[in-house]
Amino acid sequence: MNYKLMLRMMGRTLLVEALLLLLPLLVAFIYREDPRPFLYTLLPLALVGFACSRVKTKAEFFSREGFVVVALIWVILSLFGALPFWFCGYFESFTDCFFEVVSGFTTSGATILSDIERLPRGILFWRSFTSWVGGMGVLLFTLAFLPKVGGRAQVLVRAETPGPVATKLVPKTVQSAKILYEIYFALTVLEIMAFSAAGMPLYDAVVTTFASVCTGGFCITSASFAAYNTTCQVIAIVFMILGSVNFAVFFLLLTGRGKQALKSDELHFFLGAVGVCSLLVFVNILPLYDSVGVAFKDAVFQVASIISTSGFCTTDYNLWPPFAQTVLVILMFVGGCSGSTSCSIKCGRILLAFRTSTRTLLRFSHPRAVKVVKLDGKAVEEETLNTVFAFFILFFLLLGAGSLVVSLDGYSLTTSFTASLGCLSNVGPGLDGVGPVGNFSGLSHLSKWFLSALMLVGRLELFPILLLLHPTTWSRA
Amino acid sequence: MKILIVGAGKVGATLASFLSQEDHDITVIDNNDAAIHRASDTLDVMCIKGPGAAPSILREAGAEEADLLLATTNMDEVNMLCALTAKRLGTKHTIARIRDVAYTEDLASLRKDLNIDTVINPEYSTALEISRLLRFPAAANVETFFRGKVEIIGIKIHEEDPIVGHPLSDLFGKTKGILFTAAERAGEVIIPHGSFVPQEGDKLFITGTPQDLSAYLRSLGRDLPKVNTVFIVGGSRIAHYLTKILLPMGVRVTLVESSEKHCRLLSESLPGALILHGDGTDHELLASEHFTNNDAFIALTGRDEDNLISAMYAQQQGLRKVVAKCSHENYASVVRAAGLDSIVTPKLVTVERILRLVRGLQDKSGSVMTALYRIADTDVEAAEFILRDITPHLGEPLMNLPLRKGFLIAALLHEEKVIIPSGQTILSAGDRVIVISHGQSLLAFKDIFEDTKS
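So the protein lines, in turn, are chains A and B.
At the far end of the first sequence sits residue 482, using our numbering, and the numbering has no gaps.
At the far end of the second sequence sits residue 464, using our numbering, and the numbering has no gaps.
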């Protein structure tokens with residue numbers, strides 16, 4: 006294990022976080038709010054970051070260091086990121102602050118705040134901005150915009166990018182990272198412009214965009230998206246879906262390789278799932294509505310919001326019939342495409358698992374059959390398939406563990422289960438007590454810490470954080 | 011013609027032997043001592059040892075004034091480079107063997123970029139031939155002409171067939187649209203006349219449109235239903251191409267291959283086929299996969315012995331259509347005697363194609379040869395020509411033409427209509443004709459007439 010290199014990498018990322026904190030500080034100045042929470046945070050952050058980044062080392066990253074450093078960076082980043090919340094005084098405990106900032110960085114959107122409008126604008130800006138940074142990956146950001154740290158940037162990117170197989174857009178990792186961020190910037194600017202044009206105030210447009218293009222789910226009103234008009238809701242639907250599409254698709258489209266881009270199985274599956282589930286939910290909730298249009302819009306919005314792992318809502322779906330709720334809970338497991346800003350299991354893994362399972366069925370009737378499992382017309386290695394199954398097993402084990410912990414607080418099965426699922430899948434809200442109108446504030450400290458951990462585990466696709474707990478990771482040999 | 015052959019392997023040596031008998035000057039280039047020795051001992055050709063793609067070697071072999079270069083080494087890339095270099099040096103026409111599946115998709119642009127005149131892919135041609143056999147399960151061989159409008163099929167005569175014991179002239183009028191083109195009896199091939207009496211064990215070659223042939227086979231009670239499921243043993247290139255041809259036709263394909271790595275590759279490129287890992291000669295495996303329920307069995311492993319034995323086993327188990335690949339011609343005749351009649355030999359498929367090309371290049375006298383088949387690997391050939399206005403004897407009825415002995419006009423395509431010729435039929439420019447020749451190679455169409463032969 007190369008601790009020096011890990012320290013150096015962490016130092017650089019903390020410096021990036023310090024730079025990012027300047028933005029909410031600026032917002033606080035603009036709205037003449039108390040800048041102290043940010044200044045108090047900036048001081049230790051810059052000091053520690055600077056000290057760590059001065060560590061000199063010549064060594065290279067290897068796979069193990071890559072995963073471990075990514076996991077540690079996310080934890081430390083969250084610890085520092087929670088400080089502005091702590092200093093602003095609107096949060097009851099550091100646990101709450103940590104939960105809220107982890108929920109931001111991991112683009113979950115689960116909140117412990119019940120009276121959001123009370124908070125200063127700078128703090129709310131930081132809360133949504135963490136989502137925006139976390140959506141594409143903070144390390145990716147560091148790699149894209151800071152000078153090179155070492156040759157093996159791909160090790161870090163692999164640990165942070167969602168999906169069963171990491172795809173490169175261009176041969177150079179740093180160049181790929183830049184392209185991803187450029188696309189991300191472009192989507193962000195487009196959404197801000199669309200929201201403004203639809204009549205949202207600029208501050209709301211910026212902050213809501215930060216929370217939606219990354220499929221996060223933080224809203225600056227307690228009413229979530231119900232506070233904005235229908236046009237805004239439709240815009241949000243479009244951008245949540247765009248945020249859940251593999252960014253490689255945009256890259257291919259922009260470079261004139263549309264045919265190749267639209268061939269993606271995963272994309273077809275994702276769009277198909279959105280279409281079919283929207284229709285199912287729409288038919289099911291229609292009796293509750295007077296207007297067919299509103300029912301349809303609510304159905305599509307909710308489906309897009311859940312499958313993209315955003316967690317916005319336009320209506321209280323706790324009041325929907327059980328069938329529609331079940332569809333939404335199933336969608337929480339699905340998530341978007343690999344290489345997007347969404348989380349959860351992901352369409353790619355579901356496709357691979359499904360295809361591997363049908364192959365197992367084929368083997369019962371033809372024991373000698375050989376069949377490669379394909380994704381986008383390309384054979385997938387058996388090793389990758391094993392990893393996919395390991396992912397499923399671990400996902401469900403963690404889900405169970407989370408449900409057990411929350412149920413200790415005395416919540417119903419639905420609340421415990423969906424709270425755990427909401428956090429692990431980074432959707433955010435669940436059903437019942439943690440549904441659209443509820444929040445996570447009533448949970449015990451233990452539950453909040455555990456759920457924070459689940460959010461981090463879920464955002465980093467299970468393995469990096471779990472690797473921290475594995476004994477061989479820390480063994481010398 | 012001056013012909014260079016690079017690579018004296020199976021195909022190269024066979025070509026050298028055929029072409030040198032047709033009075034061409036052949037130079038063989040090979041990097042392997044043993045191959046060079048074998049060629050110089052058995053063939054009347056010039057031999058040069060060295061890498062065939064090297065300009066110095068090609069120059070030494072006379073590539074500057076050669077009419078034709080045939081690149082048939084076992085490496086596709088070497089063949090491409092040979093053709094390219096020879097063309098640069100001044101060889102008039104180049105033919106390269108390219109058979110890797112990875113190249114086949116972009117073959118057209120590859121040909122253009124490398125300036126290769128003709129690309130031959132023996133495995134693909136063989137696969138195509140097998141797919142034709144599967145469309146006519148009753149026939150042992152199927153050759154197509156006029157872009158598929160006419161076929162020559164070979165059928166084995168059984169004891170219960172109604173034509174046994176009756177001279178062909180009796181059938182006159184009952185067999186509309188078909189022509190008995192050739193007959194093979196006890197290894198001898200003849201062009202039958204009206205007095206020919208079919209016997210059990212004869213193999214008859216019949217020319218006609220696919221529809222007429224089907225109708226005739228039905229009248230013989232020999233019309234087998236279409237092949238819907240195929241069991242292939244051996245995941246060779248031929249198997250790959252064949253599966254690629256069969257799957258879009260709606261045929262279900264099961265393929266057995268013994269190398270697991272190869273199985274994965276096959277599964278990747280042939281997602282519609284069922285790929286099994288195992289030994290195709292293992293009866294236990296065959297039985298557990300219910301292979302007897304398939305309509306056809308095709309043996310395509312790299313070993314002739316395995317292919318022939320498993321094909322005979324499949325035939326014994328009652329499969330309707332059995333095809334085996336056999337690279338050695340001498341085995342083929344033995345196995346035919348044992349009752350297995352659909353044998354394909356990739357080498358001969360290639361040789362036929364190249365001979366046809368060579369003859370087409372030679373013939374500047376008014377008619378272009380567009381197809382050539384050697385019927386049942388014998389000295390009977392079926393050649394397809396396009397007639398041009400300088401072709402002799404156009405506009406005269408066939409019965410007045412001075413046709414040489416051993417030649418027969420089996421069919422013609424006149425304004426997209428297939429005609430089985432009679433005495434009154436008239437040839438005109440633009441027609442396509444099939445000429446059957448016996449005992450002599452046909453180089454130009456005019457050679458079939460007494461008065462214009464060269």
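Here a beta-carbon is modelled for each residue, glycine too, at the ideal position from N, C-alpha and C.
Just so we're clear, the structure is a prediction, and the values are computed from it rather than from any experiment.
In the segment 259-321 of chain B, which residue ranges form an unbroken alpha helix (DSSP H) of at least 4 residues, counting only runs that do not cross its ends? Counting only runs of 4+ residues, the alpha helix (DSSP H) found wholly inside the segment 259-321 of chain B occupies 270-279 and 293-298, in chain order.
So Val-378 (chain A) and Arg-354 (chain A) are supposed to be a Cβ contact under 8 Å. How far apart are they, rounded? Taking the first sequence and counting its residues from 1, the one referred to as residue 378 (chain A) is at position 373. Taking the first sequence and counting its residues from 1, the one referred to as residue 354 (chain A) is at position 349. 12 Å between Cβ atoms; not a contact.
Short CB-CB distance (under 8 Å) between Arg-373 (chain A) and chain B: As a working mapping, residue 373 (chain A) is identified with position 368 in the first sequence. It does: the Cβ of Arg-373 (chain A) has a partner Cβ on chain B nearer than 8 Å.
Judging by CA-CA distance, which residue of A:Ser-412, A:Arg-17, A:Gly-407 and A:Gly-415 is the nearest neighbour of Met-460 (chain A)? Residue 460 (chain A) sits at position 455 when you count from the first residue of the first sequence. Per the Cα distances, A:Gly-407.
Would the segment 414-423 of chain B count as touching the segment 444-454 of chain B if we require 3 or more Cβ pairs under 8 Å? A contact exists between the segment 414-423 of chain B and the segment 444-454 of chain B.
Please identify, using Cβ separations under 7 Å, the residues of the segment 270-292 of chain B that lie next to chain A, in order along the chain. Residues Glu-270, Cys-273, Arg-274, Ser-277, Glu-278, Pro-281, Leu-284, Ile-285, Leu-286, His-287 and Gly-288.
Identity of the residue in B:Pro-132, B:Ile-105, B:Asn-42 and B:Ala-112 nearest Arg-121 (chain B) by Cα: By 1-based counting over the second sequence, the position of residue 121 (chain B) is 111. Ranking B:Pro-132, B:Ile-105, B:Asn-42 and B:Ala-112 by Cα distance to Arg-121 (chain B) puts B:Ile-105 first.
Give me the chain B residues within the contact set of Val-393 (chain A), using Cβ-Cβ distance strictly less than 7 Å, ordered along the chain. Within the first sequence, numbered from 1, the residue matching residue 393 (chain A) stands at position 388. The contacting residues do not exist; Val-393 (chain A) stays about 18 Å from chain B at best.
Out of A:Asp-295, A:Leu-436, A:Asp-381 and A:Ala-309, which has the shortest C-alpha to C-alpha gap to Val-281 (chain A)? Within the first sequence, numbered from 1, the residue matching residue 281 (chain A) stands at position 276. Of the candidates A:Asp-295, A:Leu-436, A:Asp-381 and A:Ala-309, the one whose C-alpha sits nearest the C-alpha of Val-281 (chain A) is A:Ala-309.
Residues bridged to Glu-161 (chain B) (per DSSP): On the second sequence, residue 161 (chain B) is found 151 positions in, with the first residue counted as 1. B:Thr-154 and B:Gly-218, per the DSSP bridge assignment.
Classify His-293 (chain B) as buried or exposed, calling it buried when 16 or more other Cβ atoms lie within 10 Å of its own Cβ. Translated into positions along the second sequence, residue 293 (chain B) becomes position 283. Within a 10 Å sphere around the beta-carbon of His-293 (chain B) sit fewer than 16 other beta-carbons, which makes this residue exposed.
On the three-pair Cβ rule with 8 Å, is the segment 125-143 of chain B touching the segment 359-370 of chain B? Here the segment 125-143 of chain B makes contact with the segment 359-370 of chain B; the two share three or more CB pairs at distances below 8 Å.
In whole angstroms, give me the CA-to-CA distance for Thr-331 (chain A) and Ser-269 (chain A). Taking the first sequence and counting its residues from 1, the one referred to as residue 331 (chain A) is at position 326. Taking the first sequence and counting its residues from 1, the one referred to as residue 269 (chain A) is at position 264. So the alpha carbons of these two residues sit roughly 28 Å apart.
Based on the DSSP output, what are the partners of Thr-128 (chain B) in its beta bridges? Counting from 1 along the second sequence, the entry for residue 128 (chain B) is found at position 118. In DSSP, Thr-128 (chain B) forms a bridge with B:Ile-105.
Check the DSSP bridge columns for Met-56 (chain B) and list the partner residues they point to. Here residue 56 (chain B) is taken as the residue at index 46 of the second sequence, counted from 1. For Met-56 (chain B), which the question treats as bridged, DSSP gives the partners B:Thr-37.
Can you tell me which of A:Phe-468, A:Arg-464 and A:Gly-435 puts its alpha carbon nearest to the alpha carbon of Thr-116 (chain A)? In the first sequence, counting from the first residue as 1, residue 116 (chain A) sits at position 111. Of the candidates A:Phe-468, A:Arg-464 and A:Gly-435, the one whose C-alpha sits nearest the C-alpha of Thr-116 (chain A) is A:Gly-435.
Candidates B:Thr-253, B:Ser-320, B:Leu-296 and B:Thr-219, of which the one nearest Val-428 (chain B) by Cα: Locating residue 428 (chain B) in the second sequence gives position 418, where the first residue counts as 1. Here the closest residue by C-alpha is B:Thr-219.
Among the candidates A:Leu-291, A:Leu-285 and A:Cys-352, whose CA atom is the shortest distance from the CA of Ser-313 (chain A)? Locating residue 313 (chain A) in the first sequence gives position 308, counting from the first residue. Nearest of A:Leu-291, A:Leu-285 and A:Cys-352 to Ser-313 (chain A), Cα basis: A:Cys-352.
Quick check: what's the CA-CA separation for Ala-306 (chain B) versus Ile-458 (chain B)? If you number the second sequence from 1, residue 306 (chain B) lands on position 296. If you number the second sequence from 1, residue 458 (chain B) lands on position 448. Near 40 Å, if we compare the C-alpha coordinates of Ile-458 (chain B) and Ala-306 (chain B).
Should Val-297 (chain A) go down as buried or exposed, given a rule of 16 or more other Cβ atoms within 10 Å for buried? Your numbering for residue 297 (chain A) matches position 292 in the first sequence. Val-297 (chain A) comes out exposed.
Starting from the beta carbon of Glu-299 (chain B), find every residue of chain A whose beta carbon is closer than 9 Å, and list them in chain order. If you number the second sequence from 1, residue 299 (chain B) lands on position 289. Per Cβ cutoff of 9 Å: His-371 and Arg-373.
Can you give the Cα-Cα distance for Leu-333 (chain A) and Ser-417 (chain A), rounded to whole angstroms? As a first step, residue 333 (chain A) must be located in the first sequence, where it is residue number 328. As a first step, residue 417 (chain A) must be located in the first sequence, where it is residue number 412. Within the model, the alpha-carbon separation for Leu-333 (chain A) versus Ser-417 (chain A) is close to 18 Å.
Is there a Cβ from chain A that is less than 8 Å from the Cβ of Leu-295 (chain B)? Counting from 1 along the second sequence, the entry for residue 295 (chain B) is found at position 285. Chain A contact via Cβ: present.
Proximal residues to Leu-82 (chain A) (C-beta, below 8 Å), its chain only, five neighbours per side dropped: As a position in the first sequence, residue 82 (chain A) is number 77, starting the count at 1. Once the five neighbours on either side are set aside, the close Cβ partners of Leu-82 (chain A) are Thr-18, Leu-19, Glu-22, Phe-110 and Val-143.
For the structure I just gave you, are there three or more beta carbon pairs, one from the segment 275-287 of chain B and one from the segment 239-257 of chain B, closer than 8 Å? Enough Cβ pairs lie closer than 8 Å, so yes.
Measuring straight from C-alpha to C-alpha, what distance separates Val-354 (chain B) and Ile-140 (chain B)? Counting from 1 along the second sequence, the entry for residue 354 (chain B) is found at position 344. Counting from 1 along the second sequence, the entry for residue 140 (chain B) is found at position 130. Put simply, the backbone Cα of Val-354 (chain B) is about 8 Å away from that of Ile-140 (chain B).
Just checking, does the segment 63-75 of chain A make contact with the segment 25-34 of chain A on the three C-beta pairs under 8 Å criterion? Verdict: no, contact absent.
Assign Met-379 (chain B) to one of three DSSP states: helix, strand, or coil. The residue you call residue 379 (chain B) lines up with position 369 of the second sequence. In this structure, Met-379 (chain B) counts as strand in the three-state DSSP scheme.
DSSP state of Phe-241 (chain B), grouped into three classes? To locate residue 241 (chain B), count along the second sequence from 1; it is residue 231. DSSP places Phe-241 (chain B) within a strand segment (E or B) once states are collapsed to three.
Between Val-218 (chain A) and the rest of its own chain, which residues show a CB-CB distance below 6 Å, the 5 nearest in sequence each way excluded? For this step, residue 218 (chain A) is matched to residue 213 along the first sequence. Closer than 6 Å at Cβ, skipping near neighbours: Leu-192, Thr-193, Glu-196, Phe-244 and Gly-248.
So, helix, strand or coil for Glu-169 (chain B), using DSSP? Numbered from 1 along the second sequence, position 159 holds the residue referred to as residue 169 (chain B). Glu-169 (chain B) falls in the coil class under three-state DSSP.
Distance between beta carbons of Pro-441 (chain A) and Tyr-294 (chain A), contact taken as under 8 Å: On the first sequence, residue 294 (chain A) is found 289 positions in, with the first residue counted as 1. On the first sequence, residue 441 (chain A) is found 436 positions in, with the first residue counted as 1. Not confirmed; about 16 Å, so no contact.
Nearest-angstrom Cα distance between Val-390 (chain B) and Leu-382 (chain B)? Here residue 390 (chain B) is taken as the residue at index 380 of the second sequence, counted from 1. Here residue 382 (chain B) is taken as the residue at index 372 of the second sequence, counted from 1. The alpha-carbon atoms of Val-390 (chain B) and Leu-382 (chain B) are separated by roughly 11 Å.
Residue interval of the alpha helix (DSSP H) (run including Leu-413 (chain A)): On the first sequence, position 408 is the one that residue 413 (chain A) refers to. For Leu-413 (chain A), there is no enclosing alpha helix (DSSP H), as DSSP gives it neither H nor E.
Spatial neighbours of Leu-124 (chain A) within its chain, please: C-beta separation below 6 Å, excluding the five flanking residues on both sides. Looking up residue 124 (chain A) in the first sequence gives position 119. For Leu-124 (chain A), where only same-chain residues beyond five positions count, the Cβ hits under 6 Å are Tyr-95.
Between Arg-360 (chain A) and Lys-383 (chain A), what straight-line distance do the alpha-carbon atoms span, to the nearest angstrom? Walking along the first sequence from the start, residue 360 (chain A) turns up at place 355. Walking along the first sequence from the start, residue 383 (chain A) turns up at place 378. In a straight line, the C-alpha of Arg-360 (chain A) is about 13 Å away from that of Lys-383 (chain A).
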